[in-house]
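So in my numbering, spot 160 of the sequence shown is number 199, and the numbers just go up one at a time.
Below is one structure, written out as structure tokens; comments come after it.
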Amino acid sequence: MKVKLDLRPRSLVEARRRKVNAARVLLVSLFLAFVLVGGVTFGLAFLKVSGMGAQVAMLNDQVAIQQAQNLKMSNEIKRLAGVEAVYVSALKLLQEELPALEFLNSIETSLPLGVWISSVTVVPGKATIKGNAYVENDVVEFAKGLLDAGVVATVDFPVTTRVVKNQESMVDFTLSCMLRDLAGISARTPGEGGGIR
Numbered sequence: 040m041k042v043k044l045d046l047r048p049r050s051l052v053e054a055r056r057r058k059v060n061a062a063r064v065l066l067v068s069l070f071l072a073f074v075l076v077g078g079v080t081f082g083l084a085f086l087k088v089s090g091m092g093a094q095v096a097m098l099n100d101q102v103a104i105q106q107a108q109n110l111k112m113s114n115e116i117k118r119l120a121g122v123e124a125v126y127v128s129a130l131k132l133l134q135e136e137l138p139a140l141e142f143l144n145s146i147e148t149s150l151p152l153g154v155w156i157s158s159v160t161v162v163p164g165k166a167t168i169k170g171n172a173y174v175e176n177d178v179v180e181f182a183k184g185l186l187d188a189g190v191v192a193t194v195d196f197p198v199t200t201r202v203v204k205n206q207e208s209m210v211d212f213t214l215s216c217m218l219r220d221l222a223g224i225s226a227r228t229p230g231e232g233g234g235i236r
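Okay, structure coming up:
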């Protein structure tokens, strides 16, 4: 059996025991720092991944909302395209029929009391009126009133025939009129509202 005896003074032995091994402390500190930094990094990465999962879910919800809005917008565009088609066809019809409507309005405003109309024929650029009157002067006055209207370019001299209907003497007349191109007039004057003056 072997026994070791330390014959040094006790104060020297205790001082040696109290000496700290700096290398060991440094290694332990580095290991603890590595474990701590690794744990913090892992924890932050976990939090970031879970936060990114929430962001991905939110972005997926926004994509779904955008797709729903896109579908609504495409349906609204289709609906508005249908409405536009109705307006375009109505505008085209109005442009085609505008001279006839204006001409009928001018007939109504310039018709004297002793004159009545039996038929009106309107073709593009031309109109023919057939009617009756008590005297020829009323027919001439009616023709002058039509000529003063903005829609009529020229009025031919009325063709009149004296007839007897229901034992009354009357004048049958036929008027031919040339109509203005109202679409061309409104296209040339956009700053003035595009209407007839």
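Ideal Cβ placement from N, Cα and C applies to all residues, glycine included.
Pop quiz: residue i and residue j are said to be a contact at Cβ under 8 Å. What is the actual Cβ separation, rounded to whole angstroms?
| i | j | result |
| --- | --- | --- |
| methionine 209 | asparagine 176 | With a Cβ gap of about 14 Å, methionine 209 and asparagine 176 do not count as contacting. |
| valine 191 | leucine 218 | 6 Å |
| threonine 167 | threonine 213 | 7 Å |
| alanine 215 | lysine 169 | First, the amino acid is wrong: residue 215 is serine here, not alanine. About 10 Å separates the two Cβ atoms, so there is no contact after all. |
| valine 179 | proline 197 | 7 Å |
| leucine 110 | serine 145 | At roughly 51 Å, the Cβ-Cβ gap does not stay under 8 Å, so leucine 110 and serine 145 are not in contact. |
| valine 202 | aspartate 211 | 5 Å |
Indicate the three-state DSSP secondary structure (helix, strand or coil) for residue i in the structure shown.
| i | result |
| --- | --- |
| lysine 43 | coil |
| phenylalanine 73 | helix |
| phenylalanine 81 | helix |
| asparagine 60 | coil |
| phenylalanine 196 | coil |
| proline 48 | coil |
Is residue i buried or exposed, if buried means 16 or more other CB atoms sit within 10 Å of its CB?
| i | result |
| --- | --- |
| isoleucine 104 | exposed |
| alanine 120 | exposed |
| alanine 182 | buried |
| serine 50 | exposed |
| lysine 43 | exposed |
| isoleucine 116 | exposed |
| alanine 188 | buried |
| phenylalanine 142 | buried |
| proline 138 | buried |
| valine 88 | exposed |
| valine 127 | exposed |
| valine 194 | buried |
| valine 154 | buried |
Per DSSP, which one or two residues make a beta bridge with residue i?
| i | result |
| --- | --- |
| leucine 218 | Val191 |
| methionine 209 | Val202 |
Item to check | Contained beta strand (DSSP E) runs [length at least 3] in the segment 149 to 193, N- to C-terminal order | outcome: DSSP runs (the beta strand (DSSP E)) wholly in the segment 149 to 193: 154 to 162, 165 to 172.
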